[in-house]
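For the sequence shown, the working numbering assigns the number 445 to the initial residue and increments by one for each residue that follows.
First comes the structure, then the notes that go with it.
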Amino acid sequence: MDGVGYYTGVMTGNGSAVNGTDDSLETLLLASDIITKIVAPTVYSVESAAALLGNALVIYMLLGFTKMKDATHYYILNLALADTLFMLGVPFISVSSAMEQWVFGKAMCKIVLSMDAMSMFNSVFTLAVLSVDRYLAIVCSTSHAHLRRPKVAIAVSLSVLAASILLTIPVMTVSDTVQLEDGTSICFLNWPVDEAMFWHKVITSYTFVVGFVLPLAVISVSYLLVVRHLKASASEHAAVARVSVKVRTKVTKTVTAMIVTFAACWLPFHMCQLIVLAAELRPTLWTLVMFHLAVVMSYANSCINPILYVFMSQKFRQSFRAALRLSLRRNADRRANQRYVRRRDGIACSRQDMDGFLEEEKCEANLTILPYSVPRGNVYLRETTV
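What follows is the structure, encoded as structure tokens:
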């Protein structure tokens, strides 16, 4: 079901991970050892450090320097926590890969596998919730505003966590360590021998459907509806229409990046699992390389999420600069008292509209539905609660 179990249960060392002729066996074994003991642990470690640093900054900023009054803030906080937990198991993977065995005991095997699966579900489900939240913030900002209250966001986040834990119960139940004939131990999902293949197919299939297909469908539909709404809400005012096209293009690129990133990061891992399940391939050097690449891509999603969902936010960047004392406190206080904030594209959005993530999309939505005046060529929006 997850990278740790698949790796330690199938791709064990001592020459068992590669097949070849007598002439090439030594070369294949050397390449396998380099990949397993050096390259993979190094890449995993770098990836883990980057993801933990990025998500730690997000959590630090959200808790210490950002007002937690928007539903999106709670969802992003939940995403950062899920990604952090997801990456905490990577050091164990790195060590196991380098040593080609599990040395942390049965209890840690169960904890790492369970936390890995639970955090994976929690992360991808939260990405789906974020896409729905963005749809509500832009398309249904007035009709369904009650669905974006902090209490609702907390309840949804707890529900996502509960669902992730429930889906992880099979992993918690069968995670175990087994000692091989050569004395090394492996950590994997130890199904009953007579039903191992059946349950392996079940767990792989439902993980693919519930942990990838359904979240991808929700994310894609939500963001496509957002783009469709922005395109349909064309303003008759020439100045507003010009700026609207620019902002709409930016939003389209952003949501496209989010959809493509999610699919690109998770599809290789699930495809490897399904291919191995369907074809029952024997481990070779190429399957070893493809597996490691697939796992690297799945963990890369936790590195990219802080960039896509947080660091691209102007509000977060302002808070980050303030936390690092790169902005004068006097300037920050003066901006906080301003009624409108002028953006680079010439639009001045209300401070209330800008106080949160997704401010460009919110301003875009307001451009098409709110009254405006055009003093000196600039568009000003009245204050509204989104």
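Positions of the beta carbon are idealized from the N, C-alpha and C atoms, including for glycine.
Predicted model only: the values in this text are computed from it and were never measured.
Buried versus exposed call for R394 [16 or more other C-beta atoms within 10 Å across all chains shown]: It is not possible to answer for residue 394, since the shown part of the chain is limited to 445 through 830.
Have a look at the DSSP bridge pairing and note the partners of V622. I630
Is DSSP giving Y635 helix, strand or coil here? Here residue 635 is Trp; the residue named in the question, Tyr, does not match the sequence. Reduced to three states, the DSSP call for W635 is coil.
Check whether R592 and A581 have beta carbons under 8 Å apart: yes
Excluding the 5 residues preceding and the 5 following F548 in the sequence, name in chain order all residues of the same chain whose CB lies nearer than 7 Å to its CB. F536
Spatial neighbours of L611 within its chain, please: CB distance less than 7 Å, with the 5 preceding and 5 following residues excluded, ordered by chain position. F565, V654
Would you be able to state if there are at least three C-beta pairs under 8 Å between the stretch 737-749 and the stretch 485-501? yes
Same chain, Cβ closer than 6 Å to S538, five either side skipped, listed in chain order: P485, Y488, S489
For the candidate residues E544, T570, L658, whose alpha-carbon lies nearest to that of D626? E544
With DSSP run on the structure shown, which of helix, strand or coil describes F706? helix
P659 vs A561 beta-carbon contact at 8 Å: no
Relative to the C-alpha of M616, which candidate in C553, H673, I479 has its C-alpha closest? C553
Ordered along the chain, which non-local residues of its own chain (more than five positions away) have a Cβ less than 6 Å from that of P750? G498, N499, V502
So the candidates are D638, M641, T570; which of them puts its Cα closest to the Cα of A524? T570
Report yes if the C-beta distance between I520 and V699 is below 8 Å; otherwise report no. no
Where does W489 sit, in a helix, a strand or coil, going by DSSP? It is worth fixing the name first, because residue 489 is Ser in this sequence and not Trp. The answer is helix: DSSP assigns S489 an H, G or I state.
Which of the three DSSP states, helix, strand or coil, is assigned to T698? helix
For H590, is the classification buried or exposed, using 16 other Cβ atoms within 10 angstroms of its Cβ as the cut-off for buried? exposed
Below 8 Å on the Cβ atoms is my guess for F853 versus M559; work out the distance and round it to an integer in Å. Residue coverage of the chain in this structure runs from 445 to 830, which leaves residue 853 outside it and unanswerable.
Buried versus exposed, by CB contacts within 10 Å (16 or more), Q717: buried
Neighbour-count burial assignment, R778, 16 or more Cβ in a 10 Å radius: Note on R778: pLDDT 47, under 50, position unreliable in the model; the coordinate value appears next. So R778 ends up on the exposed side.
Pick helix, strand or coil for D577, following the three-state DSSP scheme. helix
Reduced DSSP category for V756 - H, G, I as helix; E, B as strand; rest coil: It should be pointed out that residue 756 corresponds to Met in this sequence rather than to Val. M756: coil per DSSP, three-state reduction.
Under 8 Å between the Cβ atoms of S608 and Y518? no
Which of the three DSSP states is assigned to H588 in this structure? coil
Could you give the DSSP three-state label for E470: helix, strand or coil? helix
Between W730, L669, V740, V637, which has its C-alpha nearest S575's C-alpha? L669
Quick one: is F735 buried, meaning 16 or more other Cβ sit within 10 Å of its Cβ, or exposed? buried
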